[in-house]
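Undergrad:
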Amino acid sequence: MAIQWHREDAAMNDLLALLTDNRFMPHGHCYLWRPDLLWTNVIADGLITFSYITIPFTLIYFIHKRKDVPFDWMLAAFGVFILACGTSHVMEILTIWQPYYWLSALVKVITAIASVITAVLLIRLVPAALKIPSPQQMARVNDELREAQAELVTTARRAGMAEIATNVLHNVGNVLNSVNVSAQVLYDKVHTSKG
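Oh and the sequence shown: position 110 is 110 in full-length UniProt numbering, straight run, nothing missing.
1) Note down the Cα distance separating residue 116 from residue 87, rounded to an integer number of angstroms.
2) Whose CA, out of 104, 122 and 91, lies closest to the CA of residue 79?
3) Is the Cβ-Cβ distance between residue 82 and residue 52 less than 7 Å?
4) Cα-Cα, which of 162, 107, 33 and 125 is closest to residue 77?
5) Please list the segments of the alpha helix (DSSP H) lying wholly inside the stretch 18–80, counting only runs of 4 or more residues, in order along the chain.
6) Tell me whether residue 59 is buried or exposed, calling it buried when 16 or more other Cβ atoms sit within 10 Å of its Cβ.
7) Report yes if the CB atom of residue 75 is closer than 7 Å to the CB atom of residue 93, and no otherwise.
8) Indicate the three-state DSSP secondary structure (helix, strand or coil) for residue 131 in the structure shown.
9) Just the Cα atoms here: how many angstroms apart are residue 136 and residue 144?
10) Between the C-alpha atoms of residue 27 and residue 8, what's the straight-line distance to the nearest angstrom?
11) Check residue 137 in the structure and name its three-state DSSP category.
12) Tell me whether residue 100 sits in a helix, a strand or coil according to DSSP, three-state version.
13) Thinking C-alpha only, which one of 131, 139, 97 and 178 is nearest residue 35?
14) Can you grab the Cα-Cα spacing for the pair residue 103 / residue 30, in whole Å?
15) Check each candidate in 95, 156, 113 and 73 and name the one with the smallest Cα separation from residue 45.
Here is the structure:
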């Protein structure tokens, strides 16, 4: 067990030594260590990194707050891709002073993999995403539904009024029937008492 541990430890040390190999020249030499050029690149890469790191966390917050977002997994893929891009800009800053080009290359490979996966997923997603109604289409459907509802309410009111009129006529008919029966009874009494 101890032998295996030493092998894993040695392999990790070898990998770390490769990734942080400092036999190369720092990137700052390419800039001739000119502060204006060096700091312009550092500040630009720093701002890009800040943006690239902010975007995924904003996407995570959005997905967390809006559980109904379709294709939230695509936003997660974008988040990984953008975070990887931000990390590659961190490496651009680091390699100005430290020649960790193998580590930088590894970060770029990871970024490339995340980029390709995100691009393929996005291409496959577009047909389904195009089927999602636009806000304008949804507004149009909502307007049509409101109009249909208003027509139903009007029809129901008319039907209700017709029912009320039928009931009133029925009741008036009953009253007239009662009056007619009462009149007949009176008529019969009057004619019976004369006769």
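Idealized CB from N, CA, C, for every residue including glycine. In this text, all values refer to a predicted model and were calculated from it rather than measured experimentally.
TA: On the basis of the coordinates in this document:
1) Translated into positions along the sequence shown, residue 116 becomes position 116. Translated into positions along the sequence shown, residue 87 becomes position 87. Each residue's Cα considered, the two are about 17 Å apart.
2) Position 79 of the sequence shown holds residue 79. With distances taken between Cα atoms, residue 79 lies closest to 122.
3) Sequence index remark: in the sequence shown, residue 82 carries index 82 (1-based). Sequence index remark: in the sequence shown, residue 52 carries index 52 (1-based). Yes.
4) Position 77 of the sequence shown, counting from 1, holds the residue named residue 77. In this structure, 125 is the residue among 162, 107, 33 and 125 with its C-alpha nearest to the C-alpha of residue 77.
5) You should have 35–65.
6) Here residue 59 is taken as the residue at index 59 of the sequence shown, counted from 1. By the Cβ-count criterion, residue 59 is buried, with 16 or more other Cβ atoms from all chains shown falling within 10 Å of its own Cβ.
7) Counting from one through the sequence shown, the residue named residue 75 turns up at place 75. Counting from one through the sequence shown, the residue named residue 93 turns up at place 93. For residue 75 and residue 93, no; Cβs fall outside 7 Å.
8) The residue you call residue 131 lines up with position 131 of the sequence shown. Correct three-state label for residue 131: coil.
9) Position 136 of the sequence shown holds residue 136. Position 144 of the sequence shown holds residue 144. Approximately 12 Å, taken between the alpha carbons.
10) Position 27 of the sequence shown, counted from the start, is the residue given in the question as residue 27. Position 8 of the sequence shown, counted from the start, is the residue given in the question as residue 8. Answer to the nearest angstrom: the Cα atoms are 32 Å apart.
11) Position 137 of the sequence shown, counted from the start, is the residue given in the question as residue 137. Residue 137: helix per DSSP, three-state reduction.
12) In the sequence shown, counting from the first residue as 1, residue 100 sits at position 100. In this structure, residue 100 counts as coil in the three-state DSSP scheme.
13) Translated into positions along the sequence shown, residue 35 becomes position 35. Of the residues 131, 139, 97 and 178, the one whose Cα lies closest to the Cα of residue 35 is 97.
14) Reading the sequence shown from its first residue, position 103 is the one you call residue 103. Reading the sequence shown from its first residue, position 30 is the one you call residue 30. Roughly 19 Å separates the two Cα atoms.
15) Taking the first residue of the sequence shown as position 1, residue 45 is located at position 45. Of 95, 156, 113 and 73, the residue nearest in Cα terms is 95.
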